[in-house]
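In this note's numbering, the protein residues as written are 2 to 259. Beta carbons: idealized from backbone N, C-alpha and C, even for Gly. Quick caveat: nothing in here was measured; it's all calculated off a predicted structure. Structure first, commentary second.
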């Protein structure tokens, strides 16, 4: 999974197309997603997706993929016309698998600020019944959550719930006995006091972040929590990861009468 950046959108190509397009159009699908900053799989191509109203002719341009939309709801990002976040997510449902779509959905509803809401996504899915990708969008929507702040956190949550473990709480705040805020952890199992932190490369290569993480972990564990650090390598061996977390949850499960 990669994070879409300006270079992925090839800003110059988009603006070149915009300068010569005379009729209604909007960038859509993965192109709109990249403009919004939605995480996309590494396999997504550099082709530019362009949509037009259903009454117009889809553009036929080398290096571009043309589409016709029955629902024409657009906005602007950096001065470029794009399909609205809800429509963009529905369009992604024709290209991505369910997990990739959940990652995109979590990004949309969990951004700062969020680009849309679960309620608006739900309404868009309901209005798209019978369209290509609608079933996949409906299944993915059931698993989209507010609170995830990275694709890794979403993938970790899905791996645990797919294995039959309880779904962890996202971005759980931890306070000391006096009520003072101590930390906010990525995922938490509150009963056994297990906190899961997904750590990207910045936690490893940035010295200030690394030192801050050490202090934060000590403060959290002093309050009786167990903090587990998860990396992309752990997600590549999900069976081992799930076994590790399962063992920890069982070992720390509250005992009746204790």
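Rounded straight-line distance, which links the Cα of residue 195 to that of residue 250 = As a first step, residue 250 must be located in the chain shown, where it is residue number 249. As a first step, residue 195 must be located in the chain shown, where it is residue number 194. If you take the alpha carbons of residue 250 and residue 195, they lie about 7 angstroms apart.
I think residue 29 touches residue 68, with their Cβ atoms under 8 angstroms apart; what is that distance to the nearest whole Å?
-> The residue given as residue 29 occupies position 28 in the chain shown. The residue given as residue 68 occupies position 67 in the chain shown. That belief holds up - the Cβ atoms of residue 29 and residue 68 are roughly 6 angstroms apart, short of 8 angstroms.
With a threshold of 16 other CB atoms inside 10 Å of the CB of residue 44, please say whether the residue is buried or exposed.
-> Translated into the one-based positions of the chain shown, residue 44 becomes position 43. By the 10 Å Cβ count, residue 44 comes out exposed.
Just mark residue 92 as buried or exposed, buried being the case when its beta carbon has 16 or more other beta carbons within 10 Å.
-> By 1-based counting over the chain shown, the position of residue 92 is 91. Buried: at least 16 other Cβ atoms inside 10 Å.
Over what stretch of residues does the beta strand (DSSP E) that includes residue 190 continue unbroken?
-> As a first step, residue 190 is located in the chain shown; it is residue number 189 there, counting from the start. 182 to 190 is the extent of the beta strand (DSSP E) around residue 190.
Supposed contact pair residue 135 and residue 111 - C-beta distance, whole angstroms, cut 8 angstroms = Residue numbering aside, residue 111 sits at position 110 when the chain shown is read from its first letter. Residue numbering aside, residue 135 sits at position 134 when the chain shown is read from its first letter. Actually they do not touch by this definition, with Cβ atoms about 23 angstroms apart.
Using CA coordinates, which residue listed in 229, 102, 221, 19 is at the minimum distance from residue 146?
-> Indexing the chain shown from 1 puts residue 146 at position 145. Among 229, 102, 221, 19, the Cα nearest to that of residue 146 is on 102.
Runs of alpha helix (DSSP H) wholly within the region 10 to 78 (minimum 4 residues, chain order) | 12 to 21, 30 to 37
Does the Cβ of residue 181 have 16 or more other Cβ atoms within 10 Å, making it buried, or fewer, making it exposed?
-> Here residue 181 corresponds to residue number 180 of the chain shown, with the count starting at 1. Classification for residue 181: exposed.
Would you mind sorting residue 21 into buried or exposed? The rule is 16 or more other CB atoms within 10 Å of its CB.
-> One-based indexing of the chain shown puts residue 21 at position 20. Residue 21 is exposed by the Cβ-count criterion.
Which residues bound the alpha helix (DSSP H) around residue 210?
-> Taking the chain shown and counting its residues from 1, the one referred to as residue 210 is at position 209. Its alpha helix (DSSP H) spans residues 208 to 223.
Per DSSP, residue 174 forms a beta bridge with which residues?
-> Residue 174 sits at position 173 when you count from the first residue of the chain shown. Answer is 185.
Member of 186, 53, 219 whose CA lies at the smallest distance from the CA of residue 73 | Here the question's residue 73 lines up with position 72 in the chain shown. Answer by Cα proximity: 53.
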